[in-house]
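Participant: Following the numbering used here, the numbering of the sequence shown begins with 217 at its first residue and continues without gaps. To start, I am sharing the structure in question, which I have written as structure tokens.
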Amino acid sequence: MATLPQDEIMVIRKGWLTINNIGIMKGGAKEYWFVLTAENMSWYKDDEEKEKKYMLTVDNLKLRDIEKGFMSSKHIFALFNTEHRNVYKDYRQLELACESQDEVDSWKAAFLRAGVYPERVVSESIDEGSSDGFMHSIDPQLERQVETIRSLVDSYMAIVNRTIRDLIPKTIMHLMINNTKEFIHAELLAQLYSCGDQNSLMEESQEQAQHRDEMLRMYHALREALNIIGDISTTTITTAMPPPVDTSWLQVQGGPSGRRSPMSSPTPSCPLAPLGPSGTSAPTSATGVPPVPSPGLTTPTALRCPNRF
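Below you can see the structure in the form of structure tokens.
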């Protein structure tokens with residue numbers, strides 16, 4: 217099978233990893249930006265991917281877990297060569313560190329897609345008559361090619377999905393407009409002429425007329441209600457309550473028996489005297505009783521207190 221160009225190989229995963237097994241004399245552990253594909257793994261100085269530090273092919277590579285040190289808080293796994301060759305420069309294995317176990321599991325899944333499988337401990341408890349006493353492994357090169365094809369198929373299906381989701385609404389709108397246009401040109405005029413009375417087509421139905429009248433009645437009722445509310449809000453005048461009346465002079469003035477004293481008149485009392493014909497008070501007798509008016513006097517008399525004006 218022909219090998220695909222590098223730019224057509226789908227990237228499986230990108231992310232930050234720390235190369236943990238570089239000695240202090242050579243710079244110590246450093247963090248790099250790793251890019252994993254189905255063919256190789258490269259790391260760069262930063263995520264701009266301009267300065268490539270190294271590219272490692274994934275042929276004959278496997279994974280193993282590394283126990284983290286006493287003072288280390290990072291989770292570590294290592295890549296090693298199954299043919300006992302150096303993986304990176306003078307190192308037999310490449311130790312990579314992550315901040316969390318979830319990142320380690322995610323990278324292991326990505327390496328699995330690239331054909332890099334974890335190290336296995338094969339059990340040697342085999343039956344005596346069994347001829348398959350060892351594990352058959354699939355060709356790693358074939359696995360990588362299958363993974364590349366699968367990645368390309370996934371990419372192609374994603375493109376098809378986006379294209380369909382973009383074109384289906386446009387196609388439906390196009391068909392609706394074209395069908396409406398054909399109906400107007402071919403059938404609408406004939407159907408209009410087939411009606412007996414064309415004027416009846418524009419008449420308002422009884423249900424619509426009833427609905428319109430109900431809406432108009434509701435509109436006028438609401439408008440009248442708003443006018444009433446507006447008049448009440450603008451014409452209503454509120455006045456403050458008058459101060460309380462002083463009724464202390466009506467209280468009972470102290471007496472030993474607790475009985476209420478009779479209220480005294482604010483004006484002096486006087487005997488009532490009849491008014492004469494000219495409006496003056498009539499003379500009284502010595503006993504204080506007014507005289508009897510003469511029989512010929514027809515003008516009504518009025519009683520008035522002589523001491524009041």
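For every residue, glycine included, the Cβ atom is placed at its ideal position computed from N, Cα and C.
1. Distance check for Q414 and E423, CA to CA, integer angstroms please.
2. Looking at the secondary structure, which residues open and close the beta strand (DSSP E) in which Q309 lies?
3. What does D281 pair with, by DSSP beta-bridge criteria?
4. Could you tell me the boundaries of the alpha helix (DSSP H) in which M257 lies?
5. Determine the burial state of T364: buried for a count of at least 16 other Cβ atoms within 10 Å of its Cβ, exposed for fewer.
6. Is the separation between the beta-carbon of E265 and that of V251 shorter than 8 Å?
7. Spatial neighbours of I555 within its chain, please: CB distance less than 6 Å, with the 5 preceding and 5 following residues excluded, ordered by chain position.
8. In the structure shown, what three-state DSSP assignment does M226 receive?
9. Start and end of the beta strand (DSSP E) containing K530?
10. Compute the Euclidean distance between the alpha carbons of E299 and S258, then round it to the nearest angstrom.
11. Assuming E359 and L279 are in contact, meaning their beta carbons sit under 8 Å apart, how far apart are those beta carbons, in whole angstroms?
12. Reducing DSSP to helix, strand and coil, say where V251 ends up.
13. Helix, strand or coil: how does DSSP classify K305 here?
14. Quick check on the burial criterion: 16 or more other C-beta atoms within 10 angstroms. Buried or exposed for E403?
15. Residues bridged to T234 by DSSP?
16. Look at Q309 and F296 and say whether their C-beta atoms are less than 8 Å apart.
17. To the nearest angstrom, how far is the alpha carbon of W249 from that of H390?
18. List the DSSP bridge partners of P460.
19. Should A441 go down as buried or exposed, given a rule of 16 or more other Cβ atoms within 10 Å for buried?
Facilitator: Checking against the coordinates, here is how it stands:
1. Position 207 of the sequence shown, counted from the start, is the residue given in the question as residue 423. Position 198 of the sequence shown, counted from the start, is the residue given in the question as residue 414. Near 20 Å, if we compare the C-alpha coordinates of Q414 and E423.
2. Along the sequence shown, one-based indexing puts residue 309 at 93. Annotation: the continuous beta strand (DSSP E) that includes Q309 extends over 309 to 314.
3. Position 65 of the sequence shown, counted from the start, is the residue given in the question as residue 281. Residue pairing by DSSP places D281 opposite F293 in a beta bridge.
4. If you number the sequence shown from 1, residue 257 lands on position 41. Element bounds for M257: not the alpha helix (DSSP H) but the beta strand (DSSP E), 256 to 260.
5. Here residue 364 is taken as the residue at index 148 of the sequence shown, counted from 1. That one is buried.
6. Counting from one through the sequence shown, the residue named residue 265 turns up at place 49. Counting from one through the sequence shown, the residue named residue 251 turns up at place 35. Yes, the pair counts as a contact, with Cβ atoms nearer than the cut-off.
7. Residue 555 lies beyond the residue range present for the chain, which begins at 217 and ends at 525; the question has no answer from this structure.
8. Locating residue 226 in the sequence shown gives position 10, where the first residue counts as 1. Reduced to three states, the DSSP call for M226 is coil.
9. Residue numbering for the chain in the displayed model covers 217 to 525; residue 530 lies beyond these limits and cannot be assessed.
10. The residue given as residue 299 occupies position 83 in the sequence shown. The residue given as residue 258 occupies position 42 in the sequence shown. If I take the Cα positions, the gap works out to 21 Å.
11. What you label residue 359 is simply residue 143 of the sequence shown in a count that begins at 1. What you label residue 279 is simply residue 63 of the sequence shown in a count that begins at 1. With a Cβ gap of about 14 Å, E359 and L279 do not count as contacting.
12. Translated into the one-based positions of the sequence shown, residue 251 becomes position 35. Looking at V251 - three-state DSSP - the assignment turns out to be strand.
13. Translated into positions along the sequence shown, residue 305 becomes position 89. K305 sits in coil when the DSSP states are folded into three classes, being neither helix nor strand.
14. Residue mapping note: residue 403 aligns to position 187 of the sequence shown, counting from 1. Counting Cβ neighbours within 10 Å, E403 comes out exposed, since fewer than 16 surround it.
15. Translated into the one-based positions of the sequence shown, residue 234 becomes position 18. For T234, the pairing in a beta bridge is given by DSSP as E247, A313.
16. Within the sequence shown, residue 309 is the residue found at index 93, counting from 1. Within the sequence shown, residue 296 is the residue found at index 80, counting from 1. Contact flag set, yes.
17. The sequence position of residue 249 within the sequence shown is 33, counting from 1. The sequence position of residue 390 within the sequence shown is 174, counting from 1. Answer to the nearest angstrom: the Cα atoms are 48 Å apart.
18. By 1-based counting over the sequence shown, the position of residue 460 is 244. None; P460 has no bridge partner.
19. Looking up residue 441 in the sequence shown gives position 225. Exposed is the call here.
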